[in-house]
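Participant: Numbering (my numbering), first residue to last: 2 to 328.
Handing you this structure, nothing more for now.
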């Protein structure tokens, strides 16, 4: 369900990024989509079979809405690249909408199959048409801003997760370190999106989109790992693997965007040193797995150290950039 919603959000964002205007048509589509999303958010149950019909109904309507936005925009396009982008994206989203409807009509045993095929097409349907999309590049600054917004919402979910384990009557020093895990990741993410990425870069934006899917899944993992850390029900070694696996996944998501960085920030040494810090924290946590506190403290130190590195590197690189510019 998260994947479906994330892809839906991406398809709508990419349309708005390339062709969105403040026209009555676009505003009307936005209002209808928000109405459907309110309905959709009320249909979530832990049991997916109970959720399936309202979820897939809303999905098909929302994808149909995006498809219609693309197809209605075709007459207004100027360049061949824009026209082909509208046609291919309209077609991809229409196929996903149709597959969602087929899923609703399929017998219960197989009804997940059309939905999953739709999910796959929603994820990779653009790739074969890349050559047309290159002629219709995204507005990089807007795209980074949209994904940053989504990621900040996910960080908000992490705060909610941490709040659920903080005990207001009995203060524990570990709360500070649990909070530091989150802050370290947030500061690194902020530094990369705000300073490292070149907002004037001409691109299709695929890498940025898929990297953010990895980042958001990783943050969900970190959230669960922090919440698990205050429970005795989970195997200690699993906790260590899960926490560090999620942290590593988060940084892999960030590093995938390196090709979008300003030239003076494309620093492989930074990735290499960050990896060594993560591996060191991981080994220490494994060695002292029977002590609860070590995992939380080491994760907090790892994330804070990497965040500090990114900020000091930013200052150095900015100075070097200014010096070479004057030179």
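The beta-carbon is built from N, C-alpha and C at its ideal position, and this holds for glycine as well.
#1: Are residue 92 and residue 62 close, meaning C-beta to C-beta below 8 angstroms?
#2: For residue 229, I'd like the list of residues in its chain whose CB is within less than 8 angstroms of its CB, leaving aside the five on either flank, ordered along the chain.
#3: Would residue 300 pass as a contact of residue 118 if the rule is Cβ separation under 8 angstroms?
#4: Residue range of the alpha helix (DSSP H) that residue 211 falls in?
#5: Quick one: grab the DSSP three-state call for residue 198.
#6: Per DSSP, residue 178 is paired with what?
#7: Less than 8 angstroms separating the beta-carbons of residue 84 and residue 75?
#8: Would you check whether the ligand MG has a heavy atom nearer than 7 angstroms to the C-beta of residue 287?
#9: Evaluate residue 111 with the Cβ neighbour count: other Cβ atoms within 10 Å of its Cβ, from every protein chain shown; 16 or more gives buried, anything less gives exposed.
#10: What does a CB cutoff of less than 7 angstroms around residue 237 pick up in its chain, not counting 5 residues either side in sequence?
#11: Could you pull the start and end residues of the alpha helix (DSSP H) that residue 146 belongs to?
#12: For residue 1, which residues of its own chain have a beta-carbon under 7 angstroms away from its beta-carbon, when the five flanking residues on both sides are left out?
#13: For residue 285, collect the residues of the same chain with a Cβ closer than 6 angstroms to its Cβ; drop the 5 residues on either side in sequence, then sort them by chain order.
#14: Can you name the residues that DSSP bridges to residue 262?
#15: What is the C-beta distance between residue 251 and residue 186, in whole angstroms, given that I count them as a contact (C-beta under 8 angstroms)?
#16: Answer with buried or exposed for residue 255, where buried requires no fewer than 16 other C-beta atoms within 10 angstroms of its C-beta.
#17: Near residue 259, what residues of its chain come up, given a Cβ to Cβ distance below 7 angstroms and the 5 sequence neighbours on each side ignored?
#18: Using a Cβ-Cβ cut-off of 8 angstroms (strictly less than) and excluding sequence neighbours within five positions of residue 192, which residues of its own chain qualify?
#19: Given that a residue counts as buried once 16 or more other Cβ atoms are within 10 Å of its Cβ, and exposed if not, what is residue 148?
#20: Does DSSP put residue 46 in a helix, a strand or coil?
#21: Spatial neighbours of residue 163 within its chain, please: C-beta separation below 7 angstroms, excluding the five flanking residues on both sides.
#22: Using a 10 Å radius around the Cβ and a threshold of 16 neighbouring Cβ atoms, would you call residue 261 buried or exposed?
Facilitator: In brief:
#1: What you label residue 92 is simply residue 91 of the chain shown in a count that begins at 1. What you label residue 62 is simply residue 61 of the chain shown in a count that begins at 1. Result no, Cβ atoms of residue 92 and residue 62 do not sit closer than 8 angstroms.
#2: Sequence index remark: in the chain shown, residue 229 carries index 228 (1-based). For residue 229, where only same-chain residues beyond five positions count, the Cβ hits under 8 angstroms are 235, 240, 243.
#3: Mapped onto the chain shown, residue 300 falls at position 299. Mapped onto the chain shown, residue 118 falls at position 117. Not in contact: residue 300 and residue 118 (Cβ atoms no closer than 8 angstroms).
#4: Taking the chain shown and counting its residues from 1, the one referred to as residue 211 is at position 210. From DSSP, the alpha helix (DSSP H) with residue 211 extends over 207 to 230.
#5: In the chain shown, residue 198 corresponds to position 197, counting from 1. Strand, per DSSP.
#6: The count along the chain shown starts at 1 and reaches residue 178 at position 177. Looking at the DSSP assignment, residue 178 forms no beta bridge with any residue, so it has no partner.
#7: Counted from its first residue, the chain shown places residue 84 at position 83. Counted from its first residue, the chain shown places residue 75 at position 74. Judged by beta-carbon spacing, residue 75 lies within the 8 angstroms limit of residue 84, meaning their Cβ atoms are closer than that value.
#8: Absence of the ligand MG from the depicted structure is noted, as is the absence of any ligand whatsoever, leaving it without description.
#9: One-based indexing of the chain shown puts residue 111 at position 110. Under a 10 Å Cβ-count criterion, residue 111 is classified as exposed, with fewer than 16 other Cβ atoms of the shown protein chains found around its own Cβ.
#10: Here residue 237 is taken as the residue at index 236 of the chain shown, counted from 1. 290, 291.
#11: Sequence index remark: in the chain shown, residue 146 carries index 145 (1-based). 141 to 164 is the extent of the alpha helix (DSSP H) around residue 146.
#12: Any question about residue 1 goes unanswered here, given that the chain covers just 2 to 328.
#13: By one-based count along the chain shown, residue 285 stands at place 284. Closer than 6 angstroms at the Cβ level, and outside the excluded window around residue 285, lie 299.
#14: Here residue 262 refers to the residue found at position 261 when the chain shown is read from its first residue. For residue 262, the beta-bridge partners assigned by DSSP are 198.
#15: On the chain shown, position 250 is the one that residue 251 refers to. On the chain shown, position 185 is the one that residue 186 refers to. Confirmed, Cβ separation roughly 6 angstroms.
#16: Here the question's residue 255 lines up with position 254 in the chain shown. Per the 10 Å Cβ criterion, buried.
#17: As a working mapping, residue 259 is identified with position 258 in the chain shown. For residue 259, where only same-chain residues beyond five positions count, the Cβ hits under 7 angstroms are 267.
#18: As a first step, residue 192 is located in the chain shown; it is residue number 191 there, counting from the start. Taking residue 192 as the centre and dropping the five residues before and after it, the same chain places the C-beta of 308, 311, 312, 315 closer than 8 angstroms to its C-beta, in chain order.
#19: Numbered from its first residue, the chain shown carries residue 148 at position 147. Around the beta-carbon of residue 148, 16 or more other beta-carbon atoms lie within 10 Å, marking it buried.
#20: The sequence position of residue 46 within the chain shown is 45, counting from 1. In this structure, DSSP gives residue 46 a state outside helix and strand, which the three-state scheme calls coil.
#21: Here residue 163 refers to the residue found at position 162 when the chain shown is read from its first residue. Non-local C-beta neighbours of residue 163 in its own chain, meaning closer than 7 angstroms and more than five positions away in sequence, comprise 179, 180, 183, 227, ordered along the chain.
#22: As a position in the chain shown, residue 261 is number 260, starting the count at 1. When all chains shown are included, residue 261 counts as buried.
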